[in-house]
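The listed protein sequences derive, respectively, from chains R and C.
Counting from 63, one number per residue, gives the positions in the first sequence under our numbering.
Counting from 3, one number per residue, gives the positions in the second sequence under our numbering.
Step one of this worksheet: look at the structure below.
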Amino acid sequence: MQSPSEKKVIRKVIFASSVGTLIEWYDFYIFGSLAPIIATQFFPKTNPTAALLSTLATFAAGFIVRPFGALVFGRLGDKVGRKYTFLLTLVLMGGSTFAIGLIPGYDTIGFLAPILVLLLRLIQGLALGGEYGGAATYVAEHSPENRRGYFTSWIQTTATLGLLLSLGIILITRKSMSSDPADSIRAFEDWGWRIPFWFSVILVGMSIYIRLKMHESPMFSKLKADGKLSINPIKESLTKKANLKMVLLALFGATMGQGVVWYTGQFYAQTFMENTIKIDFEQTRTILICAIVVATPLFIFFGNLSDKIGRKWIIMVGLFSAVLLYRPIYQKMIDISSVAESRVDNSKTHIDRVLKPNAGKGYGLQNTTAFTVYENGITEKKVHVDTVYSSGVEKPQLIDKTSKELPSDRYWMMVGLIFLQILFVTMSYGPIAAFLVEMFPTKIRYTSMSLPYHLGNGVFGGLTPFIAVLLGTMYTGDLLVGLWYPIIVAGFCLLIGTIYLSNKIDNNVKD
Amino acid sequence: MNAIKKFFGVVWMILGVVTYGILLKTALEQISAKPTTDTIVQWSIFVIIFFPITIGFLIFGWLAFKGAYDELPTSSDEIEG
């Protein structure tokens, strides 16, 4: 039993660690969520796909450097301490996020713009690589042994809540730029996208203040007092066979599968809804937000459950469900957003034209929006923008957007399908912090657990949307071809985890 | 169970080599079919980043084959020792 003062301490530890980690995830994900806009701002506009891929490549670069961040900051955390290391990662993350919001576009400073964005994105990736392991280790080292899964599961909610916060801030900003919705979207795409990046400074400032008041992890302090700190944590983690085998097992038997499940359920699902089945921008975000809000408490539930029945099988059931159900789920997403077998309801179909004169310049922009309403309730919206000169001559522009708005019943079905995917995420991700902490000794824990976590999540997981989109462009006949990547990776991880992992909970993480 | 762990160790080693071979072949095909900067950069990233991971997978297979996973450590002394 914990005393009231111990309970108060652990609550403070969880709060301070979780808030900082949540903000780091927010910083990291606003870039991903704004990928198409960033593409038009910072990368040469050869064609939209190239621009999107360039941004996703930058996105991937952010993920690929995460394992290096795990090594650099993991080493620091095992030598200097957990507290100062994850304070440093927070400052680096917040600073680079704010700076991205300040960089002038490609039209203004040319190739310097994408180079600066890439550089700052790499710093973000490095910082994130150091943050998570520190927070998870810090909380676990404060937790009582029979509640480690429960307490660390609060850290596990932060990645999803960071994504939620980023989606929410983006939606609010996008709607608040002007009283006219079309003007608001235009202003957001022009410069308003920078606001979510600037907003980060306030969040990071608050979090630094909270974290400065925290004490060092008791286990690390004891090791330090006893003079038992590792001299070279990276060398010990990767060159000692007994430890290397555990790092490899953690990667191939747990985190690589968990990583692809995380990014499929929360990122690829968003890309798929918006780009493949053409769901409206706002609906895509609100669908994801609803599903995340409902599913998030399940991280705590499965973390708590793992204290009672062990971590392994909860993670494995999450992977198994994903492997088995991804294709049926995505097929259903295609079906409920399809208008192929539905007739047009001519009584509701209409065209809106809005002319925005550009005072004194002799031309204006004409927005033509064709609303096609189908009998299944789906509204297809085609937006076309032309330049109209005062002489009456019209010059067509290259802005053509098609999107679909789902009726209420189909909207909630879509929420349900995304919820299912996030359910798999909560199963595979909820217990993983406790699972990793228990695999490694205190003196090299930060380094050893961070590396497989960020290889699994950064490389295997972070590349999921990128590889899935790429597969879609290579094999155009199958809309679900992108799913083979997460299915195969999660499938092998499931097999390896089932055969090699142990379900035993380590009761002593003080050694 | 230990025999299965060792048998799959061989499977992982073969799988690692075959998968990386397929990745390399696909990368070369894609780059020669469309030798643009985007294509070269994307596929080079994959080839480079998955190389050390493949090496790790081969080591994992080798360790499994040699019986390193027959017993998992139960205390940190076994890892540090």
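The C-beta atom is built at its ideal place from N, Cα and C for all residues, glycine as well.
*Does any C-beta atom of chain C lie closer than 9 Å to the C-beta of F148/R?*
Taking the first residue of the first sequence as position 1, residue 148/R is located at position 86. Not a single CB atom of chain C sits nearer than 9 Å to the CB of F148/R.
*Cβ of F130/R less than 9 Å from any chain C Cβ?*
For the purposes of this step, residue 130/R is identified with residue 68 of the first sequence, where counting begins at 1. No, because no Cβ of chain C sits closer than 9 Å to the Cβ of F130/R.
*Classify Q393/R as buried or exposed, calling it buried when 16 or more other Cβ atoms lie within 10 Å of its own Cβ.*
As a working mapping, residue 393/R is identified with position 331 in the first sequence. Exposed: under 16 other Cβ atoms inside 10 Å.
*Would you grab the beta carbon distance between L381/R and L556/R for me? Rounded to a whole angstrom, and I think it's under 8 Å.*
What you label residue 381/R is simply residue 319 of the first sequence in a count that begins at 1. What you label residue 556/R is simply residue 494 of the first sequence in a count that begins at 1. Confirmed, about 4 Å.
*Classification of H516/R by the beta-carbon crowding that lies within 10 angstroms, buried from 16 upward*: The count along the first sequence starts at 1 and reaches residue 516/R at position 454. Under this definition H516/R is a buried residue.
_Y200/R vs F148/R beta-carbon contact at 9 Å_ = Taking the first residue of the first sequence as 1, we reach residue 200/R at position 138. Taking the first residue of the first sequence as 1, we reach residue 148/R at position 86. Contact flag set, yes.
_Just to make sure I have the definition right: I need the residues of chain C whose C-beta is within less than 8 Å of the C-beta of S576/R. Which are they?_
Residue 576/R lies beyond the stretch modelled for chain R, which goes from 63 to 573, so this question has no answer here.
*Consult DSSP for L74/C and reduce its assignment to one of helix, strand or coil.*
By 1-based counting over the second sequence, the position of residue 74/C is 72. Residue state, collapsed to three classes: coil.
*Roughly how many whole angstroms lie between the Cα atoms of F90/R and I232/R?*
As a position in the first sequence, residue 90/R is number 28, starting the count at 1. As a position in the first sequence, residue 232/R is number 170, starting the count at 1. Spanning the two alpha carbons is a distance of roughly 13 Å.
*Below 7 Å between beta carbons is the criterion; list the residues of the stretch 283-302 of chain R that meet it against any residue of chain C, in chain order.*
Correct list: empty, as no residue qualifies.
_Interface positions of the stretch 25-42 of chain C facing chain R (Cβ-Cβ less than 7 Å), listed along the chain_ = So the list reads D40, given in the order they occur along the chain.
*Under 9 Å between C-beta atoms, does M3/C make it to chain R?*
Stepping through the second sequence from its first residue, residue 3/C is reached at position 1. Yes, M3/C lies at the interface with chain R (some Cβ there is under 9 Å from its Cβ).
_Residue nearest to T28/C in terms of C-alpha spacing, selected from F67/C, F48/C and Y71/C_ = On the second sequence, residue 28/C is found 26 positions in, with the first residue counted as 1. Nearest option by C-alpha distance: F48/C.
_Our contact map puts A497/R next to I371/R with C-beta atoms below 8 Å; I'd like the distance itself, whole angstroms only._
For the purposes of this step, residue 497/R is identified with residue 435 of the first sequence, where counting begins at 1. For the purposes of this step, residue 371/R is identified with residue 309 of the first sequence, where counting begins at 1. Residue identity check: residue 497/R is Phe in the sequence provided, not Ala. That belief does not hold up - the Cβ atoms of F497/R and I371/R are roughly 13 Å apart, past 8 Å.
*Grouping DSSP H, G and I as helix and E and B as strand, with all else coil, what is F554/R?*
Residue numbering aside, residue 554/R sits at position 492 when the first sequence is read from its first letter. Secondary structure of F554/R (DSSP, three-state): helix.
*asked:* So T464/R and E442/R are supposed to be a Cβ contact under 8 Å. How far apart are they, rounded?
replied: For the purposes of this step, residue 464/R is taken as the residue at position 402 of the first sequence. For the purposes of this step, residue 442/R is taken as the residue at position 380 of the first sequence. Correct: roughly 7 Å between the Cβ atoms.
_Same chain only: Cβ atoms within 6 Å of S215/R, ignoring 5 sequence neighbours per side_ = As a working mapping, residue 215/R is identified with position 153 in the first sequence. Cβ neighbours of S215/R within its own chain (closer than 6 Å, five residues either side excluded): F361, I362, G365 and G492.
_Considering Cα atoms alone, identify which of H204/R, S228/R and Q483/R is closest to R389/R._
Position 327 of the first sequence, counted from the first residue, corresponds to residue 389/R. Per the Cα distances, Q483/R.
_Euclidean distance between Cα positions of D166/R and A175/R_ = Position 104 of the first sequence holds residue 166/R. Position 113 of the first sequence holds residue 175/R. The question names Asp, but residue 166/R is Pro in the sequence shown. Per the coordinates, the alpha-carbon of P166/R lies some 7 Å from the alpha-carbon of A175/R.
*For R507/R, the nearest candidate out of F213/R, L291/R and Q328/R (CA to CA)*: Translated into positions along the first sequence, residue 507/R becomes position 445. Residue L291/R is the option with its Cα nearest to R507/R.
*A35/C: buried (16+ other C-beta within 10 angstroms of its C-beta) or exposed?*
For the purposes of this step, residue 35/C is identified with residue 33 of the second sequence, where counting begins at 1. Under this definition A35/C is an exposed residue.
_Distance CB(L25/C)-CB(F62/C) smaller than 9 Å_ = Residue mapping note: residue 25/C aligns to position 23 of the second sequence, counting from 1. Residue mapping note: residue 62/C aligns to position 60 of the second sequence, counting from 1. Not a contact, by the Cβ cut-off of 9 Å.
*Can you give me the Cβ contacts of I398/R inside the same chain, cut-off strictly under 6 Å, excluding the 5 residues immediately before and after it?*
What you label residue 398/R is simply residue 336 of the first sequence in a count that begins at 1. R472 and M475.
*Thinking C-beta only, is W255/R closer than 9 Å to I49/R?*
Given that chain R is displayed from residue 63 to residue 573, the structure contains no residue 49/R and the question cannot be resolved.
_Member of A331/R, N305/R, F160/R and I126/R whose CA lies at the smallest distance from the CA of F261/R_ = Counted from its first residue, the first sequence places residue 261/R at position 199. Comparing Cα positions, the closest option is F160/R.
_8 Å CB neighbourhood of V12/C in its chain, flanking five on each side removed_ = Numbered from 1 along the second sequence, position 10 holds the residue referred to as residue 12/C. Leaving aside the five residues that flank V12/C on each side, the residues in its chain whose CB is nearer than 8 Å to its CB run, in chain order, G63 and F67.
*Alpha carbon to alpha carbon, how far is T102/R from G578/R? Give it in angstroms, no decimals.*
Given a span of 63 to 573 for chain R in the structure shown, any question on residue 578/R remains unanswerable.
*With a cut-off of 9 Å, does the C-beta of I6/C fall near any C-beta of chain R?*
In the second sequence, residue 6/C corresponds to position 4, counting from 1. It does; some Cβ of chain R falls within 9 Å.
*asked:* Going residue by residue through the stretch 169-212 of chain R, where are the continuous alpha helix (DSSP H) segments of at least 4 residues, counting only ones entirely within it?
replied: Restricting attention to alpha helix (DSSP H) runs no shorter than 4 residues, the stretch 169-212 of chain R encloses them at 174-204, ordered along the chain.
*Please check the pair G518/R and L313/R, which I expect to be a contact at CB under 8 Å, by giving their CB distance rounded to whole angstroms.*
In the first sequence, counting from the first residue as 1, residue 518/R sits at position 456. In the first sequence, counting from the first residue as 1, residue 313/R sits at position 251. About 6 Å separates the two Cβ atoms, so the contact holds.
_Could you pull the DSSP bridge partners for D33/R from this structure?_
There is no way to answer for residue 33/R, as the model of chain R reaches only from 63 to 573.
*Between A353/R, T346/R and S240/R, which lies nearest to P469/R when the distance is taken from Cα to Cα?*
The residue given as residue 469/R occupies position 407 in the first sequence. Ranking the options by Cα distance to P469/R, first place goes to T346/R.
*State the Cα-Cα distance for the pair G327/R and P548/R, rounded to the nearest angstrom.*
For the purposes of this step, residue 327/R is taken as residue 265 along the first sequence, with counting starting at 1. For the purposes of this step, residue 548/R is taken as residue 486 along the first sequence, with counting starting at 1. Approximately 10 Å, taken between the alpha carbons.
*Does DSSP put V401/R in a helix, in a strand, or in coil?*
Mapped onto the first sequence, residue 401/R falls at position 339. Correct three-state label for V401/R: coil.
*Figure out for me which residue from R405/R, L417/R, V447/R and S79/R has the closest Cα to the Cα of T434/R.*
By one-based count along the first sequence, residue 434/R stands at place 372. Of the listed residues, the one whose Cα sits closest to T434/R is R405/R.
*Spell out a yes or no on whether the stretch 152-159 of chain R and the stretch 177-196 of chain R are touching, meaning 3 or more CB-CB pairs, one atom from each, closer than 8 Å.*
These segments touch.
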